[in-house]
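Colleague: The structure that follows is given in the form of structure tokens.
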Amino acid sequence: MTSLPVLVTGGAGYIGSHAVLALKDAGWSVCVIDDLSTGSRGVVPDDVPFFEGNIADRAFVDRLLRERKIGAIMHFAGSIVVPESVEQPLKYYANNTLASHSLISAAAEAGVKHILFSSTAAVYGDAETVPVAEDDPKAPINPYGASKLMTERMLEDSSAAHPFNYGALRYFNVAGADPQGRTGLIGKGSTHLIKVAVEAAVGKRDHVAVYGTDYPTPDGTCVRDYIHVSDLAAAHVAALDWLTRHPDENLVINCGYGRGLSVLEVLNAVDEANGTPIKRVMERRRAGDPPMLIAGNRRLLDTLDWQPVYADIDRIVGDALAWERKLLDASAGV
4 MTSLPVLVTG GAGYIGSHAV LALKDAGWSV CVIDDLSTGS RGVVPDDVPF FEGNIADRAF
64 VDRLLRERKI GAIMHFAGSI VVPESVEQPL KYYANNTLAS HSLISAAAEA GVKHILFSST
124 AAVYGDAETV PVAEDDPKAP INPYGASKLM TERMLEDSSA AHPFNYGALR YFNVAGADPQ
184 GRTGLIGKGS THLIKVAVEA AVGKRDHVAV YGTDYPTPDG TCVRDYIHVS DLAAAHVAAL
244 DWLTRHPDEN LVINCGYGRG LSVLEVLNAV DEANGTPIKR VMERRRAGDP PMLIAGNRRL
304 LDTLDWQPVY ADIDRIVGDA LAWERKLLDA SAGV
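Take the working numbering: the last position of the sequence shown gets the number 337, and nothing is skipped along the way.
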């Protein structure tokens, strides 16, 4: 099915750009739409058709779906910063929920057969069980998670009324960079822990803030399940292949490695990779952060033709640090 034209929304962003590379490497026909509000045109390969615009622009999307004969959509476009969602909830409901409504409506009318959605572990909120499974209660504790869960519900209801199937991949904590150095997290105001830490390692920041040291976890800091972005991109390709082979079924899957690391454990790994410690500043808890989120990933391993390749924190941190040094050299004209 690799001849099926795929539209990647948010394909100039962090995860989207890795998915574009994974699709391209696997032989899929792919094009990208991105409004470049947080993405970078430079991470999209020159031979991948790029269209600058917003997915909420219905006339623009209608024309693109028709002209490119799009058969599948990978939907990454949206806002992703949890604390910002608490401060600006309407921005998140607009960028994530309302814009997705417009995109799904356009896709249904255009006859798109498959939609793969970038969802999040934040739909679970403060999970009652760890690891958390796909059928566990969904109770988001921040507008970011709520906005994503609303989109999942739209896809579920719409796929029952229209001839398309969908997949929702619930990411846990995504980190690292393309091992070949082709793309990574540019980070316009990034809040990702590993991104912040490697920026501090190369001197772009003077410290890393640790938000909360009194959580009910072994060392008092939040515990998260970190997945390498290239493993996640490969999971998207495998999920799209599954959707094309099961046109009458939908797919909801957690994407993680099934084990957690604390904030302090991650920072220790960055120190080790960098060869020198970075300064840590202990701060109060941030709003909307659950103490622990770890993926129950049995469904991922059992359903998709996928196995992790980079499931090691030292590899994740090493690739992130290599990318950060590449960005630093580029800004210095090296």
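Built from N, CA and C at the ideal position, the CB exists for glycine as well.
Quantities reported herein were computed from a predicted structural model and do not represent experimental measurements.
Does any residue of chain D bring its CB to less than 8 Å from the CB of Asp-234?
Modeller: Here there is only one protein chain, and chain D is not present.
Colleague: Considering only the beta carbon of each residue, do Arg-69 and Ala-113 sit closer than 8 Å?
Modeller: The answer is yes: Cβ separation under 8 Å.
Colleague: By DSSP, does Val-337 sit in helix, in strand, or in coil?
Modeller: Confidence at Val-337 is low in this model, with a pLDDT of 49, below 50, so the placement of that residue should be treated as unreliable; the coordinate-derived value is given next. Looking at Val-337 - three-state DSSP - the assignment turns out to be coil, as it is neither helix nor strand.
Colleague: Check whether the Cβ of Ala-62 lies closer than 7 Å to any heavy atom of the ligand GTP, and answer yes or no.
Modeller: In the structure on display, the ligand GTP does not appear, and there are no ligands present to speak of.
Colleague: Determine the closest residue to Arg-44 out of Val-64, Asp-60 and Tyr-17, with distance taken between C-alpha atoms.
Modeller: The candidate whose alpha carbon is nearest that of Arg-44 is Tyr-17.
Colleague: Opposite His-117 in the DSSP bridges: which residues?
Modeller: Paired residues: Ala-75 and Asn-168.
Colleague: Who are the Cβ neighbours of Ala-109 in its own chain at under 7 Å, not counting the five residues just before and after it?
Modeller: Hits under 7 Å: Arg-61, Val-64, Asp-65 and Leu-68.
Colleague: In chain order, which beta strand (DSSP E) runs of at least 3 residues are fully inside the stretch 237 to 306?
Modeller: Those beta strand (DSSP E) runs which fall completely within the stretch 237 to 306 and span 3+ residues are 254 to 258 and 283 to 286.
Colleague: Under 8 Å, do His-210 and Val-284 count as touching if we go by C-beta distance?
Modeller: Result yes, Cβ atoms of His-210 and Val-284 sit closer than 8 Å.
Colleague: Find out if the Cβ-Cβ distance for the pair Cys-34, Leu-10 is shorter than 8 Å.
Modeller: In this structure, Leu-10 lies closer than 8 Å to Cys-34 by Cβ.
Colleague: If the criterion is Cβ atoms closer than 8 Å, does the pair Cys-225 and Asp-292 meet it?
Modeller: Contact: yes.
Colleague: If you pair each beta-carbon of the stretch 170 to 181 with each one of the stretch 245 to 260, do three or more pairs fall below 8 Å?
Modeller: Cβ pair count under 8 Å is three or more, so yes.
Colleague: According to the Cβ coordinates, are Val-135 and Ile-297 closer than 8 Å?
Modeller: Yes.
Colleague: How would you write the range of the beta strand (DSSP E) that Leu-10 sits in, first residue to last?
Modeller: Unbroken beta strand (DSSP E) run through Leu-10: 9 to 12.
Colleague: Roughly how far, in whole angstroms, is the beta-carbon of Ala-325 from the beta-carbon of Ala-180, given that I think they are within contact range, below 8 Å?
Modeller: Going by Cβ atoms, the distance from Ala-325 to Ala-180 rounds to 7 Å, so yes, they are a contact pair.
Colleague: Compare the beta carbon distance of Gly-13 and Asp-50 with 8 Å and say whether it is the shorter of the two.
Modeller: Contact: no.
Colleague: I need the straight-line Cα distance from Ser-20 to Ser-88, nearest angstrom please.
Modeller: Between Ser-20 and Ser-88, the C-alpha separation is close to 23 Å.
Colleague: In the DSSP assignment, the beta strand (DSSP E) including Ile-36 goes from what residue to what residue?
Modeller: It spans 33 to 37 - the beta strand (DSSP E) in which Ile-36 sits, taken as one unbroken run.
Colleague: Would you tell me roughly how many angstroms separate the C-alpha atoms of Glu-252 and Lys-207, rounded to the nearest one?
Modeller: Answer to the nearest angstrom: the Cα atoms are 46 Å apart.
Colleague: Measure the alpha-carbon distance for Gly-184 versus Arg-328 and round it to whole angstroms.
Modeller: Roughly 10 Å between the two C-alpha positions.
Colleague: I'd like the span of the alpha helix (DSSP H) that includes Phe-175, first residue to last.
Modeller: Segment: none, Phe-175 is in no alpha helix (DSSP H) and carries neither H nor E.
Colleague: Three-state secondary structure (DSSP) at Arg-208?
Modeller: In the structure shown, Arg-208 sits in coil (DSSP, three-state: anything other than H, G, I, E or B).
Colleague: Of all the options Met-157, Phe-53, Thr-186 and Lys-72, which has the alpha carbon lying nearest to the alpha carbon of Val-46?
Modeller: Closest by alpha carbon: Thr-186.
Colleague: DSSP three-state label for Ile-58, please.
Modeller: Note: Ile-58 maps to coil in three-state DSSP.
Colleague: How should Arg-227 be labelled, buried or exposed, when 16 other C-beta atoms within 10 angstroms of its C-beta is the threshold for buried?
Modeller: Classification for Arg-227: buried.
Colleague: Hey, how far is the Cα of Val-23 from the Cα of Asp-308?
Modeller: Those two C-alpha atoms are separated by around 19 Å.
Colleague: Would you give the residue range spanned by the alpha helix (DSSP H) that His-231 belongs to?
Modeller: It is not in any alpha helix (DSSP H) - His-231 instead sits in the beta strand (DSSP E) that spans 229 to 231.
Colleague: Does the beta-carbon of Gly-278 have 16 or more other beta-carbons within 10 angstroms, so that it is buried, or is it exposed?
Modeller: Gly-278 comes out exposed.
Colleague: Which first and last residues belong to the alpha helix (DSSP H) in which Asp-28 is found?
Modeller: Residues 17 to 28.
Colleague: Assess, as a yes-or-no matter, whether the stretch 133 to 148 is touched by the stretch 187 to 205 under the definition of 3 or more beta carbon pairs within less than 8 Å.
Modeller: Result no; under three Cβ-Cβ pairs closer than 8 Å.
Colleague: Of all the options Ala-25, Leu-235 and Ser-161, which has the alpha carbon lying nearest to the alpha carbon of Leu-106?
Modeller: Leu-106 has its Cα closest to that of Ser-161, out of Ala-25, Leu-235 and Ser-161.
Colleague: Helix, strand or coil for Thr-224 per DSSP?
Modeller: In this structure, Thr-224 counts as coil in the three-state DSSP scheme.
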